[in-house]
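The structure appears below as structure tokens.
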Amino acid sequence: MAKHYYAYQFDMPYHPTYLRNWEVPKYYCPKPRRRVGRTEIIANTRGHILPGVPKPKSNPFGDFIGTWHLPNKITRDIANKLNGSADKAAFLQKCAQIAAAVPSKYFEIQKKSEDVNEDQKEEVRTALSETESVTVERDHNICPIHGI
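Numbers 273 to 420, taken from our numbering, label the letters of the sequence shown in order.
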């Protein structure tokens, strides 16, 4: 017999069906989907953008800043500009306003005295309702990253 005779004689123990590794095959469409819309030509044959085409304000190559573009010393102000802390500060202020709007005194009193009679609970509720209530307009997009 040949030295390198193979003929798949030892492959059966490693087949997925033999190892009980059953998988559902991925579904592929029999035909590619039809494209929706139409292609808009924005450049001529030489690659120059046609007049009247709106140009995006962002850099087409991305917003990457290499170390050559940075100053020698990075101060706190420069770091805040680089990581966008202005947006995060506004987000944290909104979170603080929402947290302040929750009537935490009522919850603290309720946790401390579970077995207090109903008259005392009613006094606490009236006292809390007489105090100034903070109203916060909640944006649906509080988080600038996730849009939550």
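Where a beta carbon is used, it is the ideal one built from N, C-alpha and C, also for glycine.
Query                                                                                                                                                          : Result
For TYR378, name the three-state secondary structure that DSSP assigns.                                                                                        : Note on TYR378: pLDDT 49, under 50, position unreliable in the model; the coordinate value appears next. TYR378 falls in the helix class under three-state DSSP.
Mind checking which residues open and close the alpha helix (DSSP H) that includes ARG292?                                                                     : Careful: ARG292 lies outside any alpha helix (DSSP H) and carries neither H nor E.
Roughly how far, in whole angstroms, is the beta-carbon of GLU295 from the beta-carbon of PRO288, given that I think they are within contact range, below 8 Å? : 7 Å
What is the rounded straight-line gap between the Cα of PHE336 and the Cα of PRO297?                                                                           : 40 Å
By the three-class DSSP mapping on this structure, what secondary structure does ALA368 have?                                                                  : helix
What does DSSP give as the partner residue(s) for ILE279 in the beta ladder?                                                                                   : Checking the displayed sequence, the identity of residue 279 turns out to be Ala instead of Ile. The partner list for ALA279 (beta bridge, DSSP) is empty, contrary to what the question assumes.
What first and last residue would you give for the alpha helix (DSSP H) that runs through LEU354?                                                              : 348-355
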